[in-house]
Amino acid sequence: NGYRFVWEFTPSQGNGTIAAVALTSKQGGVAAYGSMENSKVAFYQIMETRLETQTVEELAELFSAVEVDFENNLLISMRFQDSAVIIHKRRLPVFTLGLNDRLNDTTNDLLEEKVITCSTFKFIGSYTPYGDFLDGHDGYWYGFANQANSSGDAKMYWVKIKKDDYTMTEGVWTLSNCYLKAIGYFKVDTYAQRGVRGVIRNGYLYLTAYNDEGIYKINLSNSTDVTLIPFGFISAGKSQTGSVTCANYLFMVNDLIIGWDYQIKPDDTVVQTVGSTRILNLGTPLFQYKEFCFGWGGNYGSDYRMCFLLTPYLASINNLSTAVVKTTDKTMKITYELTEEAS
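According to our numbering, the sequence shown holds residues 4 to 346 in order.
This is the structure in structure tokens:
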């Protein structure tokens, strides 16, 4: 009247303290967040809203999103214009829907604007301004701007803005013997365009090396603390979005950093995966709420808001009454039964 699943672990597998056993989805079990066989099944698209009535400027507001506060129905967008950082706090219905909110998922009303004038920080370039804003997940937003360099020292402009009172510090880093890709770009002309190349994790900025043979880990509090994490192979260095005007080369799910053909685990171990377009048209960071991810982006005037289910979710969590310690001198077998019971 049901199913029995059996997993067997060799001495080298599953070692550590085990406090719970959980099932995931079939898709999540194929390759988790990516392997040398498959890197696409982790992101299952469950919604796509075509943005057809917005002006280019309205789309630029969405594409410049830096943070989404799902519980409080807020979107934070940040742009650099005329020597100033412009921060917009906008209403984004998630868990509450007002009488005047549109049912097609496009409500995005401006609630608050803050303009912070900079004396040092700037985006670089005129035709394509290079720079990007990221959520530090530490009570601050950060802005960075640099040009790609294949030799010499990397020069990076930065700004740090406190979320609760908008106080700001800024400066310029000279990163000795660092050869970096440009962190990102933002442009509004015929189309709204954004490219994202960096992420922040645990107080460090991660940005790929110019030659695609590794990734730099830069301490946000001490720019002399820079580590090059080698991949052990040459990455293809492609965007994961499959579009031209919007691109995302690096995003983070939980505490796992994901690139085109690699992952950076929480301990900075590199895992090579098969290269794959995972999320079409994404031009923003990937905003996560539990097992769901959201983002905005487009390609040559076809623009979207997208939602994805992370398929390696914990569909059934069973806490053990006593934790089990698995060591290399033990094998282990887990039997998991799902049965139907009469109501």
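Note that CB positions come from ideal geometry on N, CA and C, so glycine has one too.
Cα-Cα separation between residue i and residue j, rounded to whole angstroms
i	j	result
Met309	Phe295	10 Å
Ser305	Thr170	37 Å
Gly301	Asn284	5 Å
Leu313	Thr227	36 Å
Asp332	Thr287	47 Å
Glu343	Arg7	12 Å
Ala157	Gly217	15 Å
Leu289	Val71	10 Å
Leu65	Ala22	41 Å
His140	Asp85	27 Å
Asn257	Phe297	13 Å
Tyr303	Asn76	29 Å
Leu54	Leu62	8 Å
Gly206	Ala345	52 Å
Val274	Thr13	21 Å
Asn41	Asp264	10 Å
Arg82	Thr272	33 Å
Arg281	Gln243	6 Å
Gln3	Gly235	The shown model of the chain, from 4 to 346, leaves out residue 3, and the question about it has no answer.
Glu115	Leu323	48 Å
Gln150	Trp299	25 Å
Gly155	His91	37 Å
Asp104	Thr56	15 Å
Lys241	Thr99	38 Å
8 Å Cβ cutoff met for residue i and residue j
i	j	result
Lys163	Thr172	yes
Gly31	Glu340	no
Pro315	Tyr36	yes
Gly17	Met335	yes
Tyr252	Gly262	yes
Thr110	Leu317	no
Ser319	Ala68	no
Ile237	Ile267	no
Lys43	Ser279	yes
Lys117	Trp144	no
Ala148	Tyr160	yes
Tyr194	Val59	yes
Val9	Thr230	no
Phe254	Ile49	no
CB-CB length for residue i against residue j, believed under 8 Å
i	j	result
Ser80	Arg94	Actually they do not touch by this definition, with Cβ atoms about 12 Å apart.
Thr20	Val328	5 Å
Gly146	Val88	6 Å
Val191	Leu137	With a Cβ gap of about 19 Å, Val191 and Leu137 do not count as contacting.
Phe189	Pro132	6 Å
Asp108	Thr52	4 Å
Ile260	Arg204	6 Å
**Study point:** Cβ contact (3+ pairs, closer than 8 Å) linking the segment 118-129 and the segment 191-201
**Key:** Too few Cβ pairs lie closer than 8 Å, so no.
Point to revise | Cβ pair count under 8 Å reaching 3, the segment 200-216 against the segment 180-190 | key: Because the criterion of three Cβ pairs below 8 Å is met, the segment 200-216 and the segment 180-190 touch.
Practice item. Run through the segment 271-336 for me and flag every whole beta strand (DSSP E) of 3 or more residues, listed as ranges in chain order. Key: For the beta strand (DSSP E) assignment, the uninterrupted runs of no fewer than 3 residues enclosed by the segment 271-336 are, from N- to C-terminal side, 273-275, 290-292, 295-302, 305-313 and 319-329.
Exercise for review: Let me know the beta strand (DSSP E) ranges lying completely inside the segment 65-105, each 3 residues or longer, listed in chain order.
Suggested key: Counting only runs of 3 or more, we get 68-72, 77-84 and 87-94.
Check your understanding: At what residue ranges does the segment 7-61 contain a whole run of the beta strand (DSSP E), taking only runs of 3 or more?
Key -> With a minimum length of 3 residues, the continuous beta strand (DSSP E) runs that stay inside the segment 7-61 are 19-26 and 46-53.
Review point. Where in the segment 170-198 do unbroken runs of the alpha helix (DSSP H), each at least 4 residues long, occur, reported from the N-terminal end onward?
Key: Taking only runs of at least 4 residues, no alpha helix (DSSP H) segment lies wholly in the segment 170-198.
Exercise for review: Could I get the ranges of all uninterrupted beta strand (DSSP E) runs contained in the segment 221-276, with 3 residues as the minimum, in chain order?
Suggested key: Segments of the beta strand (DSSP E) lying fully in the segment 221-276: 229-233, 249-251, 254-256, 259-261, 265-267 and 273-275.
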